[in-house]
Structure formats: structure tokens, C-alpha cells
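Reading through the C-alpha cells given below for one structure.
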Amino acid sequence: MARRNLHGLELHDRGRTFLLTPTSWMRPGSCRPLSWADVLDLWETLWLSPSSLQELRLFWARQRPAEACRAVTRMSDAELRQAILKMLRGGHATLGVRAGGVTAEQLKAIMPNALLSDINAALGPLNTAMDKHGIDSAPKRAAFLAQLTVESQQLSHTVESLRYTHAERLKDVFGSKYFPTVESAKPYVKNAEKLANYVYGSKNGNNQPGDGWAYRGRGYIQVTGRANYRDVGYEANPDALLTPAGAADSAAAYWEKRKLNEASATWLERPAFDLVTKKVNAKKLEATARWQAYLRAKKALSPK
């Protein structure tokens, strides 16, 4: 259903409202805001004019003021026209991102080994966090959820496991900088808190005794270090990242602040995706698993 109000044109789709306002429409090239008369003219010619459809295709205003959604830029005029007409007639239209966010079925397709209980717990917080932090198109969400697939072990972990049972593995993971010999790693075997305070105690803004443990990797994207917790708004309450809401919000905030929305705005080839991975995990651990998750996400989230 569509109707005009004093502020613009409202499009209603399954309980969600999309408001197109005069100031949120921009002409390609000149970047001049369309006047209210231009908006009305676009509305009147929407059913007939390919040029108007092209302008709508380039700048589609969504829920947040002054923010344009470019999720439909790759749709053909015919596809876009059909989707718009369906929405205006009160139906459900998918414009790059499904109304209501990612579904449980899509999340399961991306994370096939995730427990249904973990998916149900994470789904609402993830959609809320993605909307809040601008992860608002299929390519962005695919890259984000692919990284979360590995970081959270398919939603099963919201805290970094630092309990190692073998000194050899400790040396392999943290390297000779921390453990020049296998013998030097032995005091940290099966002692997660001691290990965290040793390897994280003076990095990523940690500057107080016990910070390494207090600000160890948590959340769906394993935010680590006092400075990073501060950046995502959880320095005073690090344990909040153990909850689905905190785990999702901190991950999405980290993604936004590292400018990964810009890096993932279009569908990526492997080299570009690996650069995203490096910003999430400097050592690019499990890079192939992340890429495979991205391919699953691309298939699950691409418009049908």
C-alpha cells in the first residue's frame, strides 16, 4: 500500500514503512535534491517512465533519514518495475534485502552446522544490529555473516577459547614472539586466564592488571582488547558480549568502525574478500572457511 503524507511518500510492506522524502532523493551527477514537485512528478510517472525508474533505481530512500539504499542498483529496469509495482499494490517485494531482514532459513543455509536454538537466539539481535550499523545490503550482510560463521564457530561460541591442552599447539598459535620454545609454553597449558593476561596484557589498549582476561575475545566477531571494547561501546560492560544482543551489536559496530561496509558494498572476488578477512583476523586464520561461508551467504541472500 502507498500513500502520500506531509513529509513524502510512504510505502507499506508487511508492517514496515519506507518513507521517501524530498531531501533524500538526489539527481545522479548533479547531486541536487529533487524538489517536492519533482517527487510528485516521479510518483505520477512511475508507472510509465523508464527514466524515472532509473532515477529511483539509483537512490532508494529507506528507514533512516538521509540514507540511500543502493541494494537495487544491479536490478534491470524490468525487474525493478515489477518489484515496485508489487509493493505499491500491497504485496511483498524483495529489493536486494528481504523486508524484515535475514531469515532463519537463510542463516541456516549460511551456517549449516548451527543449532536451531542458537539461530533463534541470534536472529533478532543480528537483524537489529545490522540495521543499526548500516549493514543493509545483500553483499554487506553476506560478508559480515561469513566472517561471523568462523569467528563464532557457527554461533556456538561468544567467548574466545584460551584453554590449550598442549604446549606445542600454544607455540603454533601464538608464535615464537610469546613462546620461543615449547618448554616456555608449558606454564600456560590449561590456564586460560594466565595465558590471556600474558599474550593480551599490553596490546589493544590493555593497560591495567587483568585486562588481558577481562577484555579477551568475546561476541560473534571476537572483539579483543580494552580499546576495541571502548570503540564498540562496551568497555564498562564487557560481559554483555556474552549475550546474543551484545554479541551481535558489538560485532556490527566493529564492522562499521573498521569501514567494512565500504569494503563489502559489492559482491567480492577472493582477493578482495581476503582483505576484509585480514581486517577481522590479522593472521587470516581459516581464510578458506570464511570464503566458503561467503559463497553460501551470497547464494542465500541474492535476490531470487
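Residues 1300 to 1603 in this note's numbering are what the sequence shown lists, from first letter to last. Just so you know, even glycine gets a beta-carbon here, dropped at the ideal spot from N, CA and C.
Beta-ladder partner(s) of residue i, from DSSP
{"i": "residue 1522", "result": "1517"}
{"i": "residue 1458", "result": "1517"}
8 Å CB neighbourhood of residue i in its chain, flanking five on each side removed
{"i": "residue 1413", "result": "1406, 1407, 1453, 1454 and 1455"}
{"i": "residue 1440", "result": "1396, 1401, 1429, 1434, 1596 and 1600"}
{"i": "residue 1488", "result": "1463, 1464, 1465, 1466 and 1469"}
{"i": "residue 1472", "result": "1463"}
{"i": "residue 1555", "result": "1432, 1433 and 1434"}
Exposed unless 16 or more other CB atoms sit within 10 angstroms - verdict on residue i
{"i": "residue 1465", "result": "exposed"}
{"i": "residue 1313", "result": "With a pLDDT of only 38 at residue 1313, under the threshold of 50, the placement of this residue in the model should not be trusted, and no figure is reported."}
{"i": "residue 1475", "result": "exposed"}
{"i": "residue 1359", "result": "Residue placement at residue 1359 cannot be trusted, given a pLDDT of 39 that sits under 50; what the coordinates show is reported in the next sentence. The residue in question, residue 1359, is buried, as its Cβ has 16 or more Cβ neighbours within 10 Å."}
{"i": "residue 1446", "result": "buried"}
{"i": "residue 1569", "result": "exposed"}
{"i": "residue 1543", "result": "buried"}
{"i": "residue 1442", "result": "buried"}
{"i": "residue 1563", "result": "buried"}
{"i": "residue 1561", "result": "exposed"}
{"i": "residue 1416", "result": "exposed"}
{"i": "residue 1482", "result": "exposed"}
{"i": "residue 1507", "result": "exposed"}
{"i": "residue 1509", "result": "exposed"}
{"i": "residue 1535", "result": "exposed"}
For residue i, the first and last residue of its enclosing alpha helix (DSSP H)
{"i": "residue 1589", "result": "1586-1600"}
{"i": "residue 1501", "result": "Neither: residue 1501 is in no alpha helix (DSSP H) and is coded neither H nor E."}
{"i": "residue 1573", "result": "1569-1579"}
{"i": "residue 1554", "result": "1543-1556"}
{"i": "residue 1449", "result": "1437-1450"}
{"i": "residue 1473", "result": "1466-1473"}
{"i": "residue 1565", "result": "Premise fails: residue 1565 is in no alpha helix (DSSP H) and is neither H nor E."}
{"i": "residue 1426", "result": "1415-1431"}
{"i": "residue 1403", "result": "1403-1409"}
{"i": "residue 1484", "result": "1481-1484"}
Residues near residue i by beta carbon distance below 6 Å, same chain, minus five either side
{"i": "residue 1354", "result": "For residue 1354, the predicted structure reports a pLDDT of 42, less than 50, and the residue's modelled location is therefore unreliable. The matter cannot be settled from this model."}
{"i": "residue 1583", "result": "1576 and 1577"}
{"i": "residue 1403", "result": "1418 and 1422"}
{"i": "residue 1477", "result": "1498"}
{"i": "residue 1553", "result": "1520, 1522 and 1531"}
Residues near residue i by beta carbon distance below 7 Å, same chain, minus five either side
{"i": "residue 1537", "result": "1513, 1514, 1517 and 1528"}
{"i": "residue 1502", "result": "1524"}
{"i": "residue 1451", "result": "1457 and 1519"}
{"i": "residue 1541", "result": "1457, 1458 and 1517"}
{"i": "residue 1545", "result": "1518, 1533 and 1539"}
{"i": "residue 1493", "result": "1487"}
{"i": "residue 1438", "result": "1563, 1564, 1565 and 1566"}
{"i": "residue 1425", "result": "1401 and 1547"}
Beta carbon proximity, residue i to chain D, threshold 7 Å
{"i": "residue 1401", "result": "Among the chains of the structure shown, chain D does not appear; only one protein chain is present."}
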